[in-house]
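Everything below concerns the one structure shown next.
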Amino acid sequence: MASIKTSRSRSLHSAAAAKANLKDVAAKFDENLNVFKSDNFDADTYVQSKCHSLNEKEIRQLCSYLVDLKRASAEEMRRSVYANYTAFIRTSKEISDLEGELSLMRNLLSTQATMVHSLAEGVHMESVSATVSDHSTENGLSGDEVREPSDIEKWSTEFPDFLDVLLAERRIDEALACLDEGESLLSEAKEKKTFTPPLLLSLQTTIIQRRQKLADQLAEAACQPSTRGTELRTAISALKKLGDGPRAHSLLLNAHYKRYQYNMQSLRPSSTSYGGAYTAALSQLVFSAIAQAANDSLAIFGKETAYTSELVVWATKQTEAFALLVKRHALASSAAAGGLRSAAECVQIALGHCSLLEARGLALCPILLKLFRPSVEQALDANLKRIEESTAALAAADNWELTYPPTSARMPGRTSAAIGGAMAHQYKLSSSAHRFNLMVQDFFEDVGPLLSMQLGNQTLDGLYQVFNSYVNMLIQALPGSMEEEANGEGSGNKIVRMAETEAQQIALLANASLLADELLPRAAMKLAPLNQAIHKDDSRRRPVDRQNRNPEQREWKRRLVNSVDCLKDSFCRQHALELIFTEEGDSHLTADMYLNMDGKLGEMEWFPSPIFQELFMKLNRMAGIAADMFVGRERFATLLLMRLTETVVLWLSEDQTFWDDIEEGPRALGPLGLQQFYLDVKFVMCFASYGRYLSRNLHRVLNDIISKAMTSFGTTGMDPNSVLPEDDWFNEICQDAIERLSGKPKLVNGERDLNSPTASVSAQSISSVRSHGSS
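Taking our numbering as reference, the numbering of the sequence shown is continuous, increasing by one, and the terminal residue is 1581.
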């Protein structure tokens, strides 16, 4: 209970501290922002004050940071626009519809007001006319003799019948002209009051009714599937001239929708049909209809915001419906079966047709990419899974013998350029690695659309996972991995054939290193548009060198190399353990090797200890095997031998039991033991230097080991330099051992006995290592 209270108090204290830190940070941030809130803020002065104390390097770093910040800001704005574009368009459409309804309501209210006003004036005029008529009768004049109708009154009487004839004969242009003429006369009559109120009301009612009748006729014609091309545009344009633009634009879009829906009836997708053909036919229908609708909208309505917004929303809706059809009838089966090539081709076809709309201001490709992405990701994952499973099946029967690529084992459908590129680089791999490489090469032939879908990094990451799985299988093929897996440290449960010989085990490293260093990076170049970035001056560079300029792929290749390093570490650890320990678990390298030497009687034969002899012979054998397997890549073989030597030496350096016996054991290290230990370490230095894999780290660790042994010997009160011969004596023994163990014995000069350590002992001649040890 006390511990619980303590933990709670600590949590509260941490929370309070964090809150205080946040307040401090917020206060400091607000303080930094105060300079920008001032009305007198001068950007140039502020920048000069900040940059005055910066040197050139810091200014360059600041510029680089600002450029990155600008890119990030632009990307964030682009994402925000894409995320809210649909909502913006929908809101604009609703505002446009509301404005249209308000306009119609305003017209209706105006018409009703005019009718009420006309009725009121008509009643007044009728009363006046009755008075005038009575007055005329009193003067002896009849009503029929007052006056005859004028020409305009006769026209107004004939106007409704003439307009009905034009509407019946569907003479739209003449009907529009007649309506315009009637409205002009009506406006003139209102101003000059040339019409009686009843006649004015009758003419206005006639125009309204005939206008509505014409609008209904035009709308009906636009809805007919047989109305196409010029006839449709004429009807929509006339409807717009009648003042019903929103309705006209909606009818235009609906007409194009019905037309391509009618044409789609002849397009019957089948489960056995080719997905690319179906996608191409459907893309042609849908995007041609959208393009024609965009052309008609621009020609009739121009670039008014309300209509362009409605067009974008409509085109987006049709694109989404198109994408669902393609996914259902073409992409679904391909994605489920791992058919990346067919899925990518369908996407490419759709994007090709869709991109043609960008010239008309419709950027619909992001919509397609968003909707197609899950299917393509599914095909990508299934394809990578197939590569992994196929390679694992071959690894179970691989004999781990390196051969050149078989000329007949090429993947179907590969281009001649890909085949030529593979043949241009002859390499030796085992059967499972050949299969892995061929499948990866074929895989990258299909990844063109993945770049436009921003799946390049995901593709590289998936391929890395597959390669890492293959490397784990190679690790399991090492004999020592069986014990680790039995102890619960295994990385998988796949069945892999064991690599029993050293040649087979080195072949595992040859497989992994060649794939990671050359073959996979060369194939991955197809994921980046590098050809545009490569200048003519770089034409002589190797493709992999050019590829390494891409930061993402450099990082990806680094991950591949790290995976190979895991295999290399397992290889070196296994051979180091085989060298150091017996099958029963006893160590070949113990302190007793050196502590018991001074108790022996008789003349000694100075030669490196057996474990270091075995280390040299193992490295010598591996160097010969690696020379055949790593042709042109000798550096990898050198690094492998260097890693193996470091593994053994580091184990000696860090074996606390060994050093406890040397430094604190019941028996001290004697002169002969020190000489043998010095000879063994010197022997490692010699053959590592001879093989050109004496790294700086290895040299440093060996010197530290010598210093440690000499320091331990110095605790006995004796000077280690007084009992050690000159370095030339050790060098000669090491050189002789190298030649004898290599099968090239050296002819010894009888005048000099190499077995006598006192033959060249000189207390005055010591190496820098001894000086370091004695100090």
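Ideal Cβ placement from N, Cα and C applies to all residues, glycine included.
Contact under 8 Å by Cβ, residue i with residue j
i, j, result
"G1081", "S1148", "yes"
"F1273", "L1326", "yes"
"E1308", "I1431", "yes"
"A1433", "V1370", "no"
"A1099", "S898", "no"
"C1171", "T1085", "no"
"V1507", "V1455", "yes"
"M1423", "L1478", "no"
"I1281", "S1376", "yes"
"L1186", "L1261", "yes"
"N1426", "S1275", "no"
"L1284", "A1305", "yes"
"A1127", "L1168", "no"
"H1055", "F1107", "yes"
"I1193", "F1250", "no"
"I1544", "Y1484", "no"
"A1397", "I1468", "yes"
"E1358", "N1263", "yes"
"M1435", "L1208", "yes"
"V1182", "M1259", "yes"
Delimiting residues of the alpha helix (DSSP H) encompassing residue i
i, result
"I1301", "Looking at the DSSP string, I1301 is not in any alpha helix (DSSP H), and its letter there is neither H nor E."
"Y1210", "Counting along the chain, Y1210 falls outside any alpha helix (DSSP H), and DSSP gives it neither H nor E."
"P1414", "First-last for P1414: undefined, no H or E at that position."
"V1437", "Premise fails: V1437 is in no alpha helix (DSSP H) and is neither H nor E."
"N1402", "Run containing N1402: none; DSSP gives neither H nor E here."
"P1526", "1526–1529"
"M1491", "1477–1496"
"K1176", "1171–1201"
"E1151", "1146–1161"
"Y1068", "1051–1069"
"Y1499", "Per DSSP, Y1499 belongs to no alpha helix (DSSP H) and is neither H nor E."
"E1538", "1533–1547"
"N1263", "1262–1282"
"S1089", "1081–1107"
"P1472", "Where P1472 is concerned, there is no enclosing alpha helix (DSSP H), given that its DSSP letter is neither H nor E."
"R1328", "1326–1330"
"E1110", "First-last for E1110: undefined, no H or E at that position."
"E1308", "1308–1320"
One or two residues paired with residue i in a DSSP bridge
i, result
"F1387", "S1393"
"L1445", "According to DSSP, which records beta bridges pairwise, L1445 is partnered with nothing at all."
"L1235", "T1209"
Outcome for residue i when other beta-carbon atoms lying within 10 angstroms are tallied against a minimum of 16
i, result
"N1278", "buried"
"L1130", "exposed"
"C1492", "buried"
"D1204", "buried"
"L1421", "buried"
"I901", "exposed"
"N1293", "The predicted position of N1293 is uncertain, since its pLDDT is 42 and thus under 50; no value can be drawn from it."
"T812", "Confidence at T812 is low in this model, with a pLDDT of 46, below 50, so the placement of that residue should be treated as unreliable; the coordinate-derived value is given next. Under this definition T812 is an exposed residue."
"C1540", "buried"
"M883", "exposed"
"Y1210", "exposed"
"L1073", "exposed"
"H1505", "exposed"
"C869", "exposed"
"A1083", "exposed"
"K1109", "exposed"
"D1534", "exposed"
"M1428", "buried"
"A1494", "buried"
"E881", "exposed"
"I865", "exposed"
"P1180", "exposed"
Practice prompt. Examine the Cβ distances between the region 1132–1141 and the region 1233–1247 and report whether three or more of them are shorter than 8 Å.
Written response: By the Cβ rule, the region 1132–1141 does not count as touching the region 1233–1247, because fewer than three pairs are nearer than 8 Å.
Fill in: Contact the region 1443–1451 vs the region 1511–1527: 3+ CB pairs below 8 Å
Of all C-beta pairs linking the region 1443–1451 to the region 1511–1527, fewer than three are shorter than 8 Å, placing the two stretches out of contact.
Worksheet item: Looking at C-beta atoms only, is the number of pairs between the region 1095–1115 and the region 1057–1073 that lie closer than 8 Å three or more?
Response: Counting C-beta pairs with one atom in each stretch, the region 1095–1115 and the region 1057–1073 have three or more that are closer than 8 Å, which means they touch.
Discussion item. Between the region 1450–1467 and the region 1498–1505, can you find at least three pairs of beta-carbon atoms closer than 8 Å?
Written reply: Yes, since at least three Cβ pairs between the region 1498–1505 and the region 1450–1467 fall closer than 8 Å, the two stretches touch.
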